[in-house]
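Asker: Protein chains in written order, with our numbering: chain H, 40 to 258; chain X, 40 to 258. The C-beta atom is built at its ideal place from N, Cα and C for all residues, glycine as well.
There are 2 protein chains.
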Amino acid sequence: MVDTVTMNPPSGSADTRERLIRAGVELLGEGGGLESLGLRSIARRAGVSHGAPRRHFPTHRALVAAVAAAGLADLAEEVRGPLTVPGRPPADRLTAAGVAYVTFAARRRDMFELIFRHDLLRGAGADLRATTLPLLSDLHATLTAALAPTGGDAAETEPSSTGTSGRAAWGPTIRVWTAVHGIAVLYGNQVFDLLGDAATEPGSLVAAAVDSVVAEHGR
Amino acid sequence: MVDTVTMNPPSGSADTRERLIRAGVELLGEGGGLESLGLRSIARRAGVSHGAPRRHFPTHRALVAAVAAAGLADLAEEVRGPLTVPGRPPADRLTAAGVAYVTFAARRRDMFELIFRHDLLRGAGADLRATTLPLLSDLHATLTAALAPTGGDAAETEPSSTGTSGRAAWGPTIRVWTAVHGIAVLYGNQVFDLLGDAATEPGSLVAAAVDSVVAEHGR
DNA sequence: CCGAGGCAGTAGACACTGTCTACTGCCTCG
DNA sequence: CGAGGCAGTAGACAGTGTCTACTGCCTCGG
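#1: Answer yes if the stretch 110 to 126 of chain X comes into contact with the stretch 136 to 148 of chain X, meaning at least three C-beta pairs across the two stretches below 8 Å, and no otherwise.
#2: Determine the extent of the alpha helix (DSSP H) in which X:His74 is found, giving its start and end residues.
#3: Return the residue from the list X:Val224, X:His89, X:His256, X:Trp209 that minimises the CA-CA distance to X:Asp177.
#4: Within a Cβ cutoff of 7 Å, which residues of the same chain sit near X:Asp192, ignoring the five residues on either side of it in sequence?
#5: Just to confirm, is the Cβ distance from H:Val245 to H:Gly70 under 9 Å?
#6: With a CB to CB cut of under 7 Å and the five nearest residues on each side skipped, what residues in its chain are close to H:Leu66?
#7: Hey, is X:Gly210's beta-carbon within less than 9 Å of any beta-carbon in chain H?
#8: Closest to H:Gly86 by C-alpha separation, out of H:Phe96, H:Trp216, H:His99, H:Glu57, would be which residue?
#9: In whole angstroms, what is the alpha-carbon distance linking H:His256 and H:Ala180?
#10: So is X:Gly242 in contact with chain H if we call contact Cβ pairs under 9 Å?
#11: Comparing C-alpha positions only, which one of H:Ile60, H:Gly227, H:Thr171 sits nearest to H:Arg119?
#12: Please go through the same chain and pick out, in chain order, the residues whose beta-carbon is closer than 7 Å to the beta-carbon of X:Leu78, but skip the five residues on each side of it.
#13: Would you mind sorting H:Val106 into buried or exposed? The rule is 16 or more other CB atoms within 10 Å of its CB.
#14: Which residues in the same chain have their Cβ closer than 6 Å to the Cβ of H:Gly242, if we skip the five residues on either side of it in sequence?
#15: For H:Ala91, which three-state DSSP category applies?
#16: What is the DSSP secondary structure of H:Pro125, reduced to helix, strand or coil?
#17: Kindly indicate which residue of H:Ile213, H:Arg156, H:Gly227, H:Arg147 has the alpha-carbon position closest to the one of H:Leu175.
#18: Note the first and the last residue of the continuous alpha helix (DSSP H) segment covering X:Phe231.
#19: Closer than 7 Å by C-beta to H:Thr201: which residues in its own chain qualify, once you throw out the five before and the five after it? Chain order, please.
#20: Listed from N- to C-terminal order along the chain, which residues in the stretch 155 to 171 of chain X have their beta-carbon within a distance smaller than 8 Å of any beta-carbon of chain H?
#21: Which two residues bound the contiguous alpha helix (DSSP H) that contains X:Glu23?
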């Protein structure tokens with residue numbers, strides 16, 4: 040169906056790996072649930088035979104873990120945007136990033152759940168650190184900026200790369216992360232519905248959690 | 040429902056349903072991961088043929104959902120113990136209950152993850168409410184007791200059954216729950232390890248989260 | 001120039017899975 | 001005592017993940 044390019048036919052060469060991962064992400068996004076991530080399903084979606092993935096991933100779980108890693112990269116990117124936008128006060132950036140986190144969890148439920156499946160996290164290892172540590176570093180920097188006594192953006196929030204030279208206390212960072220993550224999970228699962236209180240908005244929850252940590256540590 | 044004669048040989052009659060659920064709980068507890076919850080695996084463990092579960096559960100997912108519901112009942116029970124023990128100040132009971140929640144998530148990782156899989160929560164419906172609403176009611180009661188201006192146990196924390204007549208604000212309850220849940224997920228997944236800071240103890244995190252909510256709402 | 005070697009991809013076999021469909025006992029009740 | 005219903009068994013079927021040949025194609029070294 041595509042006119043033959045001299046060098047690369049549709050079944051190019053080594054981008055099959057990328058196509059497989061993308062196929063998995065797409066299948067997960069189409070609401071098929073985690074059941075739709077079968078090895079053969081992904082292969083069919085990518086337009087290759089069921090034996091092809093084995094050339095790039097030793098096992099089915101490795102492929103699924105790669106899909107989860109791609110989703111984690113998406114999540115990190117979507118959170119990092121509001122977190123590092125310049126010109127806004129740090130507290131606002133924190134809540135905006137938290138809302139982005141919760142929104143991701145609600146919009147892409149299957150992916151969010153897949154990302155934090157511990158059996159996949161186990162084997163990820165270094166890849167996970169490479170994706171999350173910069174994000175955590177930015178979160179930490181923004182949070183310390185918000186905790187600065189001036190309250191403004193006096194200390195410019197520089198990403199400062201992956202170096203954790205500051206060795207500052209991760210406590211507030213962890214508190215913010217866990218609070219936002221809890222909101223994301225329970226809100227994404229629509230658990231609040233069983234309270235009959237549909238008015239519980241995630242934005243106010245995130246803001247309350249962030250403000251609480253900021254107010255408590257930033258005396 | 041269990042109206043049949045109580046005296047039953049090992050291969051009794053209608054307790055096969057219970058045996059299947061228990062077999063699933065056991066398999067999940069033996070570290071086999073979610074993969075070990077196959078229909079045939081559970082049937083073998085329960086000592087019945089692979090067609091037997093169909094008499095009690097219309098599909099494999101229904102059986103897995105029943106296993107998850109049993110796990111949720113366990114979780115609710117373990118949390119309710121420290122939450123409703125008399126004689127201790129409400130704030131202490133809250134943190135103890137939170138620690139029990141986090142401990143459950145770390146000790147029974149597979150089960151904890153299974154409980155909150157949204158595709159299983161979807162079909163649960165009323166069963167879920169029946170299990171969680173009393174727990175939430177107790178949590179709410181203990182929290183309001185902790186928020187009382189005296190700070191003591193003047194207002195005795197009576198479970199007050201499922202009646203949500205108070206119609207009080209669920210806000211603090213939700214905040215505590217989400218905070219503890221986030222700690223449980225991230226701690227259970229050993230995500231804190233990638234910070235290199237293994238000293239992050241869940242107990243202090245839970246205490247900080249609970250104290251924060253109590254201090255903020257109980258002025 | 002050409003043959004060797006490696007690699008991405010295909011196709012088939014194998015054990016296993018979940019679901020469906022007879023079919024066998026056993027119990028209850030009219 | 002016979003009928004009916006139900007829990008449980010056993011087998012068939014499509015589908016799955018993994019493994020093992022096997023085919024093209026590309027890149028080299030001589």
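Answerer: This is what the structure holds:
#1: yes
#2: Counting from 1 along the second sequence, the entry for residue 74 of chain X is found at position 35. Checking the displayed sequence, the identity of residue 74 of chain X turns out to be Glu instead of His. No alpha helix (DSSP H) holds X:Glu74; DSSP gives it neither H nor E.
#3: Numbered from 1 along the second sequence, position 138 holds the residue referred to as residue 177 of chain X. Nearest of X:Val224, X:His89, X:His256, X:Trp209 to X:Asp177, Cα basis: X:Trp209.
#4: In the second sequence, counting from the first residue as 1, residue 192 of chain X sits at position 153. With a pLDDT of 48 at X:Asp192, under the threshold of 50, the modelled position of this residue cannot be trusted; read the value that follows with caution. Hits under 7 Å: Pro128, Pro129, Ala184.
#5: Taking the first sequence and counting its residues from 1, the one referred to as residue 245 of chain H is at position 206. Taking the first sequence and counting its residues from 1, the one referred to as residue 70 of chain H is at position 31. No; because the gap between Cβ atoms is not below 9 Å, this pair is not in contact.
#6: By one-based count along the first sequence, residue 66 of chain H stands at place 27. In its chain, beyond the 5 residues on either side, Ser75, Leu76, Ser80, Ile81, Arg84 have a beta carbon closer than 7 Å to the beta carbon of H:Leu66.
#7: In the second sequence, counting from the first residue as 1, residue 210 of chain X sits at position 171. Interface residue, yes.
#8: In the first sequence, counting from the first residue as 1, residue 86 of chain H sits at position 47. Cα-wise, what sits closest to H:Gly86 is H:Glu57.
#9: For this step, residue 256 of chain H is matched to residue 217 along the first sequence. For this step, residue 180 of chain H is matched to residue 141 along the first sequence. For H:His256 and H:Ala180, the distance between alpha carbons rounds to 14 Å.
#10: Along the second sequence, read from residue 1 onward, the residue named residue 242 of chain X stands at position 203. No, X:Gly242 lies away from the interface with chain H (no Cβ there is under 9 Å from its Cβ).
#11: Mapped onto the first sequence, residue 119 of chain H falls at position 80. Ranking the options by Cα distance to H:Arg119, first place goes to H:Thr171.
#12: Counted from its first residue, the second sequence places residue 78 of chain X at position 39. Leaving aside the five residues that flank X:Leu78 on each side, the residues in its chain whose CB is nearer than 7 Å to its CB run, in chain order, His89, Pro92, His99, Leu102.
#13: As a position in the first sequence, residue 106 of chain H is number 67, starting the count at 1. Result: buried.
#14: For the purposes of this step, residue 242 of chain H is taken as residue 203 along the first sequence, with counting starting at 1. The answer, listed in chain order, is Val138.
#15: As a working mapping, residue 91 of chain H is identified with position 52 in the first sequence. Of the three classes helix, strand and coil, the one that applies to H:Ala91 here is helix, per DSSP.
#16: For the purposes of this step, residue 125 of chain H is taken as residue 86 along the first sequence, with counting starting at 1. Coil at H:Pro125, not helix or strand.
#17: Numbered from 1 along the first sequence, position 136 holds the residue referred to as residue 175 of chain H. When only C-alpha atoms are compared, the closest one is H:Ile213.
#18: The count along the second sequence starts at 1 and reaches residue 231 of chain X at position 192. Per DSSP, X:Phe231 belongs to no alpha helix (DSSP H) and is neither H nor E.
#19: One-based indexing of the first sequence puts residue 201 of chain H at position 162. Any answer about H:Thr201 is weak, because its pLDDT of 46 lies below 50 and its placement is not dependable; what the coordinates show is given next. Correct list, in chain order: Leu172, Pro173, Ser176.
#20: Phe155, Arg156, His157, Asp158, Leu160, Leu167, Arg168, Thr171
#21: Because residue 23 of chain X is not part of the residues shown, which for chain X are 40 to 258, the question remains open.
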